Amino acid sequence: MSFRPIARIDVGKFFSEMAILSPSNEVIARMKIKHDSCSDFERTLGLLKKVEKDFASRAFIVIESTGHYHKTLFHSLCKNGFEVSIINPIQSNSIKILELEK
């Protein structure tokens, strides 16, 4: 069974923070992405393409977002062929709480 790199993006109002994990679960890159910066979007795409080349596998991207601030980034990633999943951190945190209560 082979694993893919994973990019986790935590979306805030003015910027997002991205961490990329290797298939062996090591953090290989981190960056801040300003939502109003085309150059940050280009750097993000460049980094994701470098990861794809290094690991011979396209990263799966998970975006944690509670509002609408993720939309521009989401569409940019999808337009460039990346597989993106959006999760609500409030829901994912409630799952953690349920697991801890068992």
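Residues 309 to 410 (my numbering) make up the sequence shown, in order.
We put the CB at the ideal spot given by N, CA and C, even for glycine.
These numbers come from a predicted model, not from an experiment.
Check	Outcome
Restricting to Cα atoms, I'd like to know which of 362, 364, 365, 396 is closest to residue 373.	396
Can you name the start and end residues of the alpha helix (DSSP H) that residue 350 belongs to?	346-363
Using alpha carbons as the reference points, say which of 391, 387, 371, 328 lies closest to residue 297.	This structure cannot speak to residue 297, because the chain is shown only from 309 to 410.
Near residue 321, which residues of its chain fall below 7 Å by C-beta distance, leaving aside the five closest residues on each side in sequence?	377
Here's a check: name, in chain order, each residue in its chain whose Cβ is nearer than 8 Å to the Cβ of residue 386, leaving out the five neighbours to either side.	392
By Cβ distance, which residues of its chain are closer than 8 Å to residue 367, with the 5 residues on each side in sequence left out?	312, 313, 314, 315, 328, 356, 359, 360, 390
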